[in-house]
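Under the numbering used here, think of the first position of the sequence shown as 1009, with each following residue one higher.
Yeah, the Cβ is synthetic: ideal placement off N, Cα and C, and Gly gets one too.
Right, one structure below, let's go through it.
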Amino acid sequence: MTGPFRSLAVRNFRLFAAGQVVSVAGTWMMIVAQDWLVLDLTDDSAGALGVVTALQFTPLLLLTLFGGRLADRHDKRLLLTVANAISAVLALVLAALVLSGAVRLWHIGLFALSLGVVNAVEVPARVSFVSEMVGAELLPNASALSAAYFSTARVVGPALAGLMIAALGTGWVMLLNAASYLATVVALRMMRPQELYRSAPESRARIVDGLRHVLARPDLVLPLALLAVVGLCGLNFQLTLPLLAKTVFGADADAFGLLTTAFAAGSLVAALVTTARRGRPSGRTVVVSALLFGVLETVAGWSPGFMAAMVLLSLTGFASIYFVQAANHRIQLGSDPRYRGRVMALYTLIVQGSTPLGALGTGWLAERFGARSGLVVGGLMSMLAAVAALLAERATARGAAPDPDLDAAGYDNGTRTGSADTASRPPPEAPGAPEKRGAREAPAAVELPEGPDPRERDSTV
């Protein structure tokens, strides 16, 4: 299989993607139902919604690096199976409380906190597991397709949630979400372990070693720092979108679902665009996409009406995923596979772990200055961070001495000896070839020279 869907030729990834579409759609239905329920229970309190959002993401802030350590030390497939099974049980308990009419705000907060603990293990394992399924050569395409199915689920999930909430109530949405986790569990157990690109587990994997690996690489530090600011200030749509829909436009559940779907539709287009990438994006691509995101989010915050908001949020969704994917590819393709679980845990910590602080800050702004302020301030801060990153990149480029082991594009030219980054991927097996007995050995990081990017920039949120 060629073209933007070439990673789907890998059976394990095809199974995983199918299970994730169902599971993530259920998750987005759950998010819409949970936010709507919180607003109903608290008379549209932005502060209460901010607290629940913070509870859900605080464990990611505190425990994600530990989750990355687990991913580097243990079987990622097993970790993902257990995490999804626990998430299903949690969702089932909350659904029972809602359907029985016994649910209280503290129940929702406890569920959000518990789910956050599970996600602190599940997210870094899932992100780093993609390379085990497809290998380094197909990693950019598989990562972009992961964003595409995530965005597809984000389009379908909120739209269905809005209809189900209006017709049946939030409890049935949560029950359906509990069942959706089983799709991922089944897909994981149907995989062929011998076809995974696995490296030897780090029996003594330490968090500090992963941090040292990142700190020694300026090309990893800059996109991670930019992600930290944008994630903290700009990527708080789980809070800003329901507030914008309900307090600014007076929308009902159906209209709220449409607003969220518009944002997700733009994200989906961006994810499909990035499937064309075949190598590591440049630092300039990451910075420019962050700048564009900041501009669009700021403009979306001043939307004059509901239809204008849908259009502008769709464009903002495109820019957000283009930026996040550019940063993801630059970080993941530039890191040593031995540390990839811990590096991607740091990536997850920055992107999602910053949400508790961002949610509390955005909730505070919305309470005092209205729902629009969360988008406007987030967009302006993202713009300032992108400009600062651009200046830092130029200063670094001027002061850096030429490295004889790197080509003109800044990628490893293969002359460096003893480096884990110079190993190449083993050739794919011919169709019909007998399967190998053991799991495939994971290749080390491969930095592929990138051809001209069709948009000269890259975007899960």
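Next item on the list: Answer with buried or exposed for residue 1377, where buried requires no fewer than 16 other C-beta atoms within 10 angstroms of its C-beta.
Entry: Counting from one through the sequence shown, the residue named residue 1377 turns up at place 369. Counting C-beta atoms within 10 angstroms of its own C-beta, residue 1377 has fewer than 16 neighbours from the protein chains shown and is therefore classed as exposed.
Margin query: Do residue 1150 and residue 1135 have their beta-carbon atoms positioned less than 9 Å apart in this structure?
Written below: Counting from 1 along the sequence shown, the entry for residue 1135 is found at position 127. Counting from 1 along the sequence shown, the entry for residue 1150 is found at position 142. The answer is no: Cβ separation not under 9 Å.
Margin query: Between 1383, 1064, 1084, which has its C-alpha nearest residue 1553's C-alpha?
Written below: The chain is shown only over 1009 to 1469; residue 1553 falls outside these bounds and no answer can be derived.
Check: Measuring CA to CA, which of 1190, 1105, 1064 is closest to residue 1033?
Finding: Position 25 of the sequence shown, counting from 1, holds the residue named residue 1033. Out of 1190, 1105, 1064, 1190 has the C-alpha closest to the C-alpha of residue 1033.
Margin query: I'd like to know whether the C-beta of residue 1135 is nearer than 9 Å to at least one C-beta of chain C.
Written below: In the displayed structure, chain C is absent; only one protein chain is listed.
Notebook entry, point to check: Roughly how far, in whole angstroms, is the beta-carbon of residue 1367 from the beta-carbon of residue 1252, given that I think they are within contact range, below 8 Å?
Noted result: Sequence index remark: in the sequence shown, residue 1367 carries index 359 (1-based). Sequence index remark: in the sequence shown, residue 1252 carries index 244 (1-based). Going by Cβ atoms, the distance from residue 1367 to residue 1252 rounds to 15 Å, so no, they are not a contact pair.
Next item on the list: Pull up the distance between the alpha-carbon of residue 1245 and that of residue 1263, whole angstroms please.
Entry: Here residue 1245 refers to the residue found at position 237 of the sequence shown. Here residue 1263 refers to the residue found at position 255 of the sequence shown. Looking at the two C-alpha atoms, the distance is approximately 16 Å.
Next item on the list: Just mark residue 1055 as buried or exposed, buried being the case when its beta carbon has 16 or more other beta carbons within 10 Å.
Entry: In the sequence shown, counting from the first residue as 1, residue 1055 sits at position 47. Exposed, by the Cβ-count rule.
Notebook entry, point to check: Relative to the alpha-carbon of residue 1115, which residue among 1129, 1100, 1274, 1267 has its alpha-carbon at the smallest distance?
Noted result: Against the sequence shown, residue 1115 aligns to sequence position 107. For residue 1115, the closest of 1129, 1100, 1274, 1267 by C-alpha to C-alpha distance is 1100.
Notebook entry, point to check: With a CB to CB cut of under 8 Å and the five nearest residues on each side skipped, what residues in its chain are close to residue 1088?
Noted result: Within the sequence shown, the letter at position 80 stands for residue 1088. In its chain, beyond the 5 residues on either side, 1130, 1133, 1134, 1137, 1192, 1196 have a beta carbon closer than 8 Å to the beta carbon of residue 1088.
Check: Skipping 5 residues on each side, what residues in its chain have a beta carbon closer than 6 Å to that of residue 1031?
Finding: Residue 1031 sits at position 23 when you count from the first residue of the sequence shown. Excluding positions up to five away in sequence, the list reads 1188, 1189, 1191, 1192.
Check: Does DSSP put residue 1338 in a helix, a strand or coil?
Finding: Here residue 1338 refers to the residue found at position 330 when the sequence shown is read from its first residue. DSSP, reduced to helix, strand and coil, places residue 1338 within a helical segment of the structure shown.
Item checked: Validate contact between the stretch 1395 to 1404 and the stretch 1229 to 1243 using beta carbons, cut 8 Å, 3 pairs -> Two segments are said to touch when three or more pairs of C-beta atoms, one from each, lie closer than 8 Å; by this definition the stretch 1395 to 1404 touches the stretch 1229 to 1243.
Next item on the list: Note down the Cα distance separating residue 1057 from residue 1305, rounded to an integer number of angstroms.
Entry: Position 49 of the sequence shown, counted from the first residue, corresponds to residue 1057. Position 297 of the sequence shown, counted from the first residue, corresponds to residue 1305. The alpha-carbon of residue 1057 is positioned some 21 Å away from that of residue 1305.
Notebook entry, point to check: For residue 1348, which of helix, strand or coil comes out of DSSP?
Noted result: The residue given as residue 1348 occupies position 340 in the sequence shown. Three-state result, residue 1348: helix.
Item checked: Supposed contact pair residue 1161 and residue 1036 - C-beta distance, whole angstroms, cut 8 Å -> The sequence position of residue 1036 within the sequence shown is 28, counting from 1. The sequence position of residue 1161 within the sequence shown is 153, counting from 1. Distance from residue 1036 to residue 1161 at the Cβ level is roughly 6 Å; contact confirmed, criterion being Cβ atoms closer than 8 Å.
Check: Do residue 1275 and residue 1158 have their C-beta atoms within less than 9 Å of each other?
Finding: To locate residue 1275, count along the sequence shown from 1; it is residue 267. To locate residue 1158, count along the sequence shown from 1; it is residue 150. Yes, the pair counts as a contact, with Cβ atoms nearer than the cut-off.
Item checked: Per-residue DSSP class, three states only, for residue 1081 -> On the sequence shown, position 73 is the one that residue 1081 refers to. DSSP places residue 1081 in helix when its eight states are reduced to three.
Check: Are the stretch 1120 to 1128 and the stretch 1062 to 1075 touching by the rule of at least three beta carbon pairs closer than 8 Å?
Finding: Yes, the stretch 1120 to 1128 touches the stretch 1062 to 1075.
Check: Taking Cβ to Cβ, would you say residue 1280 is nearer than 9 Å to residue 1067?
Finding: Indexing the sequence shown from 1 puts residue 1280 at position 272. Indexing the sequence shown from 1 puts residue 1067 at position 59. No, the Cβ-Cβ distance between residue 1280 and residue 1067 is not below 9 Å.
Check: Run through DSSP, which three-state label would residue 1206 get?
Finding: The residue given as residue 1206 occupies position 198 in the sequence shown. Correct three-state label for residue 1206: strand.
Next item on the list: Just the C-alpha distance for residue 1018 and residue 1122, rounded to the nearest angstrom, thanks.
Entry: As a first step, residue 1018 is located in the sequence shown; it is residue number 10 there, counting from the start. As a first step, residue 1122 is located in the sequence shown; it is residue number 114 there, counting from the start. About 34 Å.
Next item on the list: Pull up the distance between the alpha-carbon of residue 1106 and that of residue 1387, whole angstroms please.
Entry: Locating residue 1106 in the sequence shown gives position 98, counting from the first residue. Locating residue 1387 in the sequence shown gives position 379, counting from the first residue. So the two alpha carbons sit approximately 36 Å from each other.
Next item on the list: Would you mind listing the beta strand (DSSP E) stretches within the stretch 1058 to 1131 that are 3+ residues and don't spill past its ends, in chain order?
Entry: For the stretch 1058 to 1131, not a single whole beta strand (DSSP E) run of length 3 or above is found.
Note to self: Between residue 1219 and residue 1270, how many whole angstroms is the CB-CB distance? I'm expecting something under 8 Å.
What the structure shows: As a working mapping, residue 1219 is identified with position 211 in the sequence shown. As a working mapping, residue 1270 is identified with position 262 in the sequence shown. Their Cβ separation, rounded to whole angstroms, is 39 Å, which puts residue 1219 and residue 1270 out of contact at 8 Å.
Notebook entry, point to check: If you run the structure through DSSP and keep just helix, strand and coil, what is residue 1226?
Noted result: Start at 1 with the first residue of the sequence shown, and residue 1226 comes out as number 218. Helix, per DSSP.
Check: What are the boundary residues of the alpha helix (DSSP H) that includes residue 1250?
Finding: As a working note, residue 1250 is residue 242 in the sequence shown. 1245 to 1251 is the extent of the alpha helix (DSSP H) around residue 1250.
Notebook entry, point to check: According to DSSP, is residue 1384 helix, strand or coil?
Noted result: Stepping through the sequence shown from its first residue, residue 1384 is reached at position 376. In the three-state reduction of the DSSP assignment, residue 1384 falls in the helix class.
Check: From residue 1311 to residue 1152, what does the alpha carbon distance come to, in whole angstroms?
Finding: On the sequence shown, residue 1311 is found 303 positions in, with the first residue counted as 1. On the sequence shown, residue 1152 is found 144 positions in, with the first residue counted as 1. Near 29 Å, if we compare the C-alpha coordinates of residue 1152 and residue 1311.
Check: Thinking just about the alpha-carbon of each residue, which of 1365, 1268, 1086 is nearest to the one in residue 1326?
Finding: Here residue 1326 corresponds to residue number 318 of the sequence shown, with the count starting at 1. Just measuring C-alpha positions, the residue of 1365, 1268, 1086 sitting nearest residue 1326 is 1268.
Margin query: For residue 1104 and residue 1043, what's the separation of their Cα atoms in angstroms?
Written below: Translated into positions along the sequence shown, residue 1104 becomes position 96. Translated into positions along the sequence shown, residue 1043 becomes position 35. Approximately 17 Å, taken between the alpha carbons.
Notebook entry, point to check: From which residue to which residue does the alpha helix (DSSP H) around residue 1148 run?
Noted result: In the sequence shown, the residue the question calls residue 1148 occupies position 140. Its alpha helix (DSSP H) spans residues 1147 to 1175.
Next item on the list: Report all residues from its chain with a CB closer than 7 Å to the CB of residue 962; omit the five preceding and five following residues, and keep chain order.
Entry: The requested residue 962 is not part of the displayed model; the chain covers only 1009 to 1469.
Check: Under a three-way DSSP split, which group does residue 1050 fall into?
Finding: Here residue 1050 refers to the residue found at position 42 of the sequence shown. Reduced to three states, the DSSP call for residue 1050 is coil.
Next item on the list: Determine contact between the stretch 1161 to 1176 and the stretch 1089 to 1099, defined as no fewer than three beta-carbon pairs at a distance below 8 Å.
Entry: The stretch 1161 to 1176, when compared against the stretch 1089 to 1099, does not touch it at the 8 Å Cβ threshold.
Next item on the list: Report the rounded CA-to-CA distance for residue 1402 versus residue 1344, giving the unit in angstroms.
Entry: Counting from one through the sequence shown, the residue named residue 1402 turns up at place 394. Counting from one through the sequence shown, the residue named residue 1344 turns up at place 336. Looking at the two C-alpha atoms, the distance is approximately 25 Å.
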